[in-house]
Amino acid sequence: MRKNNKKKIIFSSIIIALLCLNTFALLINSSKENESIKTSLFPTTSQISPENLRVAIYNEPNVTEPAYSSASTLTNNYSALIPLLTSAGFGVTELTTQDIYDHKLMIADYDVFIMVDNLPKVNISNYVKEFWLGGGALISFDSAAPYLLWSGILVPESEGDEGHTTYYAYTMATNNHSIATRTPITKNNQVGDTIQTIGASINFFYWTTLQGTTYGSDFIRLAYQEGDSDHATMIALDSSYRGGRIVHLPGRGAELSADMENIFIEAVIWACPTPKGRILFDLSHNPEYGIDLWDDLSDNPGFYEIWRDNLVNRSYVIDKLYPSPSGNLTTSNLAPYDVLILCFTAYNYSSSEISAVTNWVANGGGLFIIADQHDYLPAKDIALNELMSNFDISINITNDGTNTVTEVFEHPINEGVSQITALAPGLVNVDGNAFPILGNDLVNIIVGGEEYGNGRIILNADLATLRDSSISGNDNLQFGINLINWLTASTAEILLFVNEPWSDNYHSTPVANALNILDLRFYLTYSAEFLNLSLNLYDWDLVIVDEPWTLIDPSVFDTLLTYLKAGGKLIMSTYRVDNTPVHPLWSYIGFEFSADLPDSSPVYIWNDAHSIFNTPISYGANNYTPVLDYGDEGDLLTVFPNATALAGFNETEKTGNATIVLRNDGKVLFNSYLIDQFSGDGDDSTYEDRIELWIAEIYFIYNYEALTPQGGIPGFELGIFLIVTFSTIGLISVIIVFKKKK
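Using the numbering used here, you'd call the opening residue of the sequence shown number 17 and step up by one each time.
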């Protein structure tokens, strides 16, 4: 948020942790060859407590096979699942074919969609697929496999074919399954354990064949048919390409064994998305372009698939707004979302819609409007200008721009952007509080923005920038990612700098995943120049610097020192103290450089009673052992009286060997090593140590005043501290609620 316009928020933190192991759900990293523990970036448990995890179950009594399937016996019997899900505290809704056809399967309403030994009818097959493509999770049982293959969800190469005998088959040989991999889904088992399912026929996938497909390395073999490791009877998919998570399980929904009950509940929790932001794409006003090929409410379907897939791959979720007799852009329809996308829409907006959108933006919403040249379809420009009548930004209805968009104005959106490809664009008028972002030159603006109330607006006067055929041109894709990052951060109080190079993208790094798990709003930046820009443009309650790669300029340290002296909070992980061994920032935090940390050294916990090793995660080992080797992983520190050493190079505390330092006012946690190197599982929780530690440090610093006896959040008092246990599924919800002081 802008400087001098900072507002304290009511903070409600919901943490779900494992009861029996007293740890938090975070899946560890490992090599591809070692299947005893399988890599995944993060679990999806703590944005959601059991009472607000939303599950939809497909209810179709007509069990006639759809035309795309020829080898399945369908049942529609899930009688054992509903009481199991409800006893776990989940919200459960049965959705019929008609419900899904009426577009009731939305990620805003449901996190997970379950198909139990049943197949979606052809007329809703695309709507189930778009739920998954938008980031929703799928859990399927047994005979639901043909849909996953025919739709191209599970195996893109199988799209249009059910894949029977190629990718999957059935067996009646045994109901015994051997656990292949320890994950959050199978964490109650050990590799090699035998579990049983109930049912005469069991579906399995040919594991070797799956490994040769597009998503091959992203598949997780959870269990296989006893005696045949190539017959994978239980699989999960966390695709690095597109879509939400998938778990396919053996057996029937009429009755589950005790083993399968545990696995099923853990699968629901693991699959559930934890988004950085929720996006709504409007189909109700006849947009020029649609996302998918079946978006026939648009004039040109199938134009934004690549952009959508890249956003979902960065932890955003996307729904489409379909026309409804009860209203389209209404207050209630907009409420669950952080971003609304309007693409050169044809239908006029009603006065109530204009009011709803304006108020939604003022309350923190992010509006992205895509327009085009003034003489292409001028009525659309006029309608969109009417919608923007309360803002200081509009579409120029007399002049157009040119294709060369190389004028880059100073703005966070332009990080990594030096030029975008346009095709016969229009122009944007910026007045009052509006500002230019990209243009042909200093006068002819193609992209403009505005901060309105607590919300944000971006107007792009070019249809072509983000469509599938243009998004790979110049810096178009980076622009498309940046604008959503900025629009979803209007009320964010956390600034994250990260340049970790091993993950798929910066939004999928361990620290970003930790923030999403904690359901904390943040703005992400990855270059020193733009870190400095955001530090100076906006107020932040917490700044996190994760620097395992490119050296940031020492000028950033000056800015951080100014920020800390003004009362800010900082978490920092870096291996580069020795590059700037003397700086006022270090003494302010409370240390000086001592020596270089030997390569691949463990970090030993010196104060195992401290909160960061116990709340909300109780770490079950005495050290963090590195797995990834960055070559130089950090430095050793001598701690001053204004700080406390919490961990270091030796098993017991020793002067000059500290690596985790806490400033005594609780506002700075400094890690003089790389948290990101701890991709293993030192406490045998089946979860990555590095994400466990990121979560613990963020949770501690963000809540320090509330967690200390005499602390508090200015303007608020502690209203409720509640611990709720769910022993049947091994969850603890820790809920902290603050109420505003009178």
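The beta carbon of each residue, even a glycine, is placed where N, CA and C say it ideally should be.
In this text the structure is predicted, and so the values were computed from the model without any measurement.
Tell me which residues share the same chain as P101 and place their Cβ nearer than 6 Å to its Cβ, disregarding the 5 neighbours each side in the sequence. Checking the displayed sequence, the identity of residue 101 turns out to be Leu instead of Pro. V71 and V108.
Can you grab the Cα-Cα spacing for the pair T641 / T654, in whole Å? Approximately 22 Å between the Cα atoms of the pair.
Per the contact definition of three or more C-beta pairs closer than 8 Å, is the stretch 483-492 in contact with the stretch 660-667? Cβ pair count under 8 Å is below three, so no.
Could you work out which residue in N673, D562 and L577 is closest to F609 when comparing CA atoms only? Here the closest residue by C-alpha is N673.
Three or more beta-carbon pairs under 8 Å between the stretch 318-335 and the stretch 385-396, yes or no? Short answer: they don't touch.
Segment contact, 8 Å Cβ cut-off, at least three pairs: the stretch 696-705 with the stretch 569-578: Between the stretch 696-705 and the stretch 569-578 there are fewer than three inter-stretch CB-CB distances shorter than 8 Å, so the stretches are not counted as touching.
Unbroken alpha helix (DSSP H) runs of length 4 or more, entirely within the stretch 142-200: which are they? Counting only unbroken stretches of 4 or more residues, the alpha helix (DSSP H) elements lying wholly within the stretch 142-200 are 161-166, in sequence order.
For F546 and W556, the rounded distance between their alpha carbons: If I take the Cα positions, the gap works out to 15 Å.
Would you say A659 faces chain D, with C-beta separation under 8 Å as the test? Among the chains of the structure shown, chain D does not appear; only one protein chain is present.
Sufficient close CB pairs (3 or more, under 8 Å) joining the stretch 444-452 to the stretch 429-436: With the cut-off at 8 Å, the stretch 444-452 and the stretch 429-436 do not touch.
Anyone know if the C-beta pair for L762 and I398 falls short of 8 Å? The requested residue 762 does not occur in the structure, where the chain is confined to residues 17 to 758.
Do G293 and V355 have their beta-carbon atoms positioned less than 8 Å apart in this structure? Yes, these two residues count as a Cβ contact at 8 Å.
Can you give me the Cβ contacts of L383 inside the same chain, cut-off strictly under 6 Å, excluding the 5 residues immediately before and after it? So the qualifying residues of the chain are L356, V377 and I473.
With contact counted as at least three CB pairs below 8 Å, one residue from each stretch, are the stretch 124-136 and the stretch 156-168 in contact? Contact between the stretch 124-136 and the stretch 156-168 is present, because at least three Cβ pairs lie under 8 Å.
Should V128 go down as buried or exposed, given a rule of 16 or more other Cβ atoms within 10 Å for buried? By the Cβ neighbour-count rule, V128 is buried, with 16 or more other Cβ atoms within 10 Å of its own.
If I measure Cβ to Cβ from D594 and keep anything under 7 Å in the same chain, skipping five residues before and after, which residues do I get? The beta carbon of D594 lies closer than 7 Å to those of F609, D612 and D651 in the same chain, with the five residues before and after it left out.
Please confirm whether N498 and I429 have their CB atoms less than 8 Å apart. Yes, they are a contact pair.
Where N261 falls: helix, strand or coil (DSSP): The sequence shown places Arg at residue 261, rather than the Asn named in the question. It is coil, neither helix nor strand.
Start-end ranges of the beta strand (DSSP E) lying completely within the stretch 405-451, minimum 3 residues: Those beta strand (DSSP E) runs which fall completely within the stretch 405-451 and span 3+ residues are 409-416 and 442-446.
Are the CB atoms of I322 and C359 within a distance shorter than 8 Å? Not in contact: C359 and I322 (Cβ atoms no closer than 8 Å).
Could you check the C-alpha separation between G105 and A96 for me, to the nearest Å? The straight-line gap from Cα to Cα measures roughly 15 Å.
Does the stretch 705-712 touch the stretch 623-640, meaning 3 or more C-beta pairs lie closer than 8 Å? The way I'd put it, the stretch 623-640 does touch the stretch 705-712; three or more beta-carbon pairs between them come closer than 8 Å.
Rounded to the nearest angstrom, what separates L42 and W622 at their Cα positions? Note that L42 has pLDDT 36, beneath the 50 cutoff, so the model's placement of it is unreliable and no number is given.
Spatial neighbours of L226 within its chain, please: CB distance less than 8 Å, with the 5 preceding and 5 following residues excluded, ordered by chain position. Hits under 8 Å: V171, Y183, G232, F235, A248 and I251.
Continuous beta strand (DSSP E) assignments of at least 3 residues falling wholly in the stretch 649-703: Look at the stretch 649-703 and you find these whole runs of beta strand (DSSP E), each 3 residues long or longer: 651-655, 659-664, 674-679 and 684-687.
Is V263 near I155, with beta carbons less than 8 Å apart? One thing to note: V263 has its Cβ within 8 Å of the Cβ of I155.
Does Y117 pass the burial test, meaning 16 or more other C-beta atoms within 10 Å, or should it be called exposed? Here Y117 is exposed, its C-beta having fewer than 16 other C-beta atoms within 10 Å.
Residues bridged to I1 (per DSSP): Lying outside 17 to 758, the shown extent of the chain, residue 1 is not represented and no answer is given.
Under 7 Å Cβ to Cβ from L567, same chain only, skipping five residues before and after it: list those, please. Excluding positions up to five away in sequence, the list reads R592 and N595.
So, for N548: in the same chain, excluding its five sequence neighbours on each side, which residues have a beta-carbon less than 7 Å away from its beta-carbon? Result list for N548: S571, V572 and T575, in chain order.
State the Cα-Cα distance for the pair A160 and R679, rounded to the nearest angstrom. Distance between the alpha carbons of A160 and R679 is about 54 Å.
On the criterion of 16 or more Cβ atoms from any shown chain inside 10 Å, does M276 qualify as buried, or is it exposed? The residue in question, M276, is buried, as its Cβ has 16 or more Cβ neighbours within 10 Å.
Exposure label - P266; buried when at least 16 CB within 10 Å: It counts as buried.
Could you name the residues of the same chain whose beta carbon sits closer than 8 Å to that of N456, not counting the 5 residues immediately before and after it, in chain order? The beta carbon of N456 sits closer than 8 Å to those of G417, T418, T420, V421, T422, E423 and I462, all from its chain and outside the five residues before and after it, given in chain order.
Is Q389 helix, strand or coil by DSSP? DSSP places Q389 in coil when its eight states are reduced to three.
What residues match up with C288 in a beta bridge as DSSP calls it? Bridge partners of C288: none, in fact.
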